[in-house]
Amino acid sequence: MKPPIFIIIMSTVISGTMIVLTSSHWMLTWIGFEMNMLAMIPILMKKFNPRAMEASTKYFLMQATASMLLMMGITINLLHSGQWTILNNLNPTASTLMTIALAMKLGLAPFHFWVPEVTQGISLSSGMILLTWQKIAPLSVLYQISPSINPNLLLLMAMLSVLVGGWGGLNQTQLRKILAYSSIAHMGWMSAILIYNPTMMILNLIIYIMMTLSTFMLFMHNSATTTLTLSQTWNKMPLITSLILMLMLSLGGLPPLSGFIPKWMIIQELTKNEMIIMPTFLAITALLNLYFYMRLTYATALTMFPSTNNMKMKWQFESTKKMILLPPLIVMSTMLIPLAPMFSILE
């Protein structure tokens, strides 16, 4: 894709999300979602091949269905209350419809089937945008309507999402699919806390976006798409293998890494709200995620796979891909735990 065209399309995606973030009128929010979706499709088809075409079609169909449901919810709410503002209390039917529509846009279970398929069919850079930037707009709307969401519906979707996100990634060897399932699980954690403490959801989103960006950037730097390509990086770039190890453990939520902060805060917040089963369930399903992250770290950093190279000199070409902002992102994705007391003020 030529740079001027890419800049125009990216600015449309960004402005679509910004319109959703800043509008207090349902119609404008819906228009923002539409702009965002239609500009996202050429980004998904950046590398034009049948897989990308199929992925973009799936993405379009899911997002268009979700937009239609969202519009239906908005219309029902308009007929019921006579106004377009987002922040007034919603009609229960409209609220349920909107929650389902936004869950489809986010890829929460049971509407998650498109996420791994679409992510696998597109390039790493498009996948990075799909799993980070594209989550901001729907979550911002959920944040705004959180007082009138049906808690049972959202908690059911949260439980299903962490379960699917854990189970789905277990047998995968494709890195993009693993990251897609990881994204589904993280969305489950966010929707679990959304009703009780929406600010905590924002904190989780920010840390999730930083970790996912860093992971995708490292994979792009290596041009790695499968566990096999990742397992040969020790020979080429030993530093990157240790960075991937840190990031994977952080994504799994192990202390003392950044990924532990949102899990800790969410479990604490849920227990404060007299819930025992939900946080226990979340913590147990997090182990499933940890298992497939550990598989990646094992393949990358803990084993020396047989390499075709017996010489001690460097023999591969240096990667020419410049990943800007990677060092600060990696630091923030792994070393934020000393700031935890500051985050706990958000509660």
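Quick note on numbering: this note's numbering labels position 290 of the sequence shown as 279, and the sequence is numbered without any gaps. Virtual Cβ for every residue (Gly too), placed ideally from N, Cα, C.
Residue i classed as buried or exposed, judged by whether at least 16 other C-beta atoms fall within 10 angstroms
i: residue 57; result: exposed
i: residue 208; result: buried
i: residue 282; result: buried
i: residue 101; result: buried
i: residue 42; result: exposed
i: residue 273; result: exposed
i: residue 262; result: exposed
i: residue -4; result: exposed
i: residue 45; result: buried
i: residue 331; result: exposed
i: residue 72; result: exposed
i: residue 291; result: exposed
i: residue 314; result: exposed
Separation of residue j from residue i, as counted between CA atoms
i: residue 153; j: residue 174; result: 7 Å
i: residue 115; j: residue 47; result: 15 Å
i: residue 222; j: residue 31; result: 31 Å
i: residue 74; j: residue 16; result: 9 Å
i: residue 127; j: residue 95; result: 7 Å
i: residue 244; j: residue 275; result: 13 Å
i: residue 53; j: residue 82; result: 20 Å
i: residue 159; j: residue 67; result: 44 Å
i: residue 329; j: residue 156; result: 29 Å
i: residue -7; j: residue 3; result: 15 Å
i: residue 232; j: residue 318; result: 11 Å
i: residue 167; j: residue 242; result: 16 Å
i: residue -2; j: residue 51; result: 20 Å
i: residue 279; j: residue 216; result: 16 Å
i: residue 28; j: residue 123; result: 11 Å
i: residue 194; j: residue 264; result: 22 Å
i: residue 63; j: residue 69; result: 10 Å
i: residue 285; j: residue 293; result: 13 Å
i: residue 49; j: residue 55; result: 10 Å
i: residue 335; j: residue 269; result: 23 Å
i: residue 196; j: residue 38; result: 33 Å
Under 8 Å between C-beta atoms of residue i and residue j
i: residue 250; j: residue 271; result: no
i: residue 90; j: residue 119; result: no
i: residue 201; j: residue 142; result: no
i: residue 9; j: residue 130; result: yes
i: residue 219; j: residue 289; result: yes
i: residue 312; j: residue 235; result: no
i: residue 184; j: residue 211; result: no
i: residue 214; j: residue 164; result: yes
i: residue 247; j: residue 321; result: yes
i: residue 254; j: residue 189; result: yes
i: residue 88; j: residue 139; result: yes
i: residue 112; j: residue 35; result: yes
Reduced DSSP category for residue i - H, G, I as helix; E, B as strand; rest coil
i: residue 163; result: strand
i: residue 309; result: coil
i: residue 101; result: coil
i: residue 121; result: coil
i: residue 292; result: coil
i: residue 214; result: coil
Cut-off 6 Å between Cβ atoms - residues of its own chain near residue i, not counting five sequence neighbours on either side
i: residue 309; result: none
i: residue 169; result: 104, 105, 108
i: residue 137; result: 78, 79, 84
i: residue 191; result: none
i: residue 323; result: 235, 239, 246, 247
i: residue 267; result: 259
i: residue 172; result: 120
i: residue 132; result: 187
i: residue 252; result: 242
i: residue 5; result: 21, 24, 25
Chain-order list of residues whose beta-carbon lies under 7 Å from that of residue i (same chain, five-residue window excluded)
i: residue 287; result: none
i: residue 40; result: 110
i: residue 12; result: 18, 21
i: residue 237; result: 282, 285, 286
Residues near residue i by beta carbon distance below 8 Å, same chain, minus five either side
i: residue 65; result: 80, 82, 83, 86
i: residue 97; result: 146, 147, 149, 150, 173, 176, 177, 180
i: residue 117; result: 201, 202, 205, 206, 209
i: residue 162; result: 215, 216, 217
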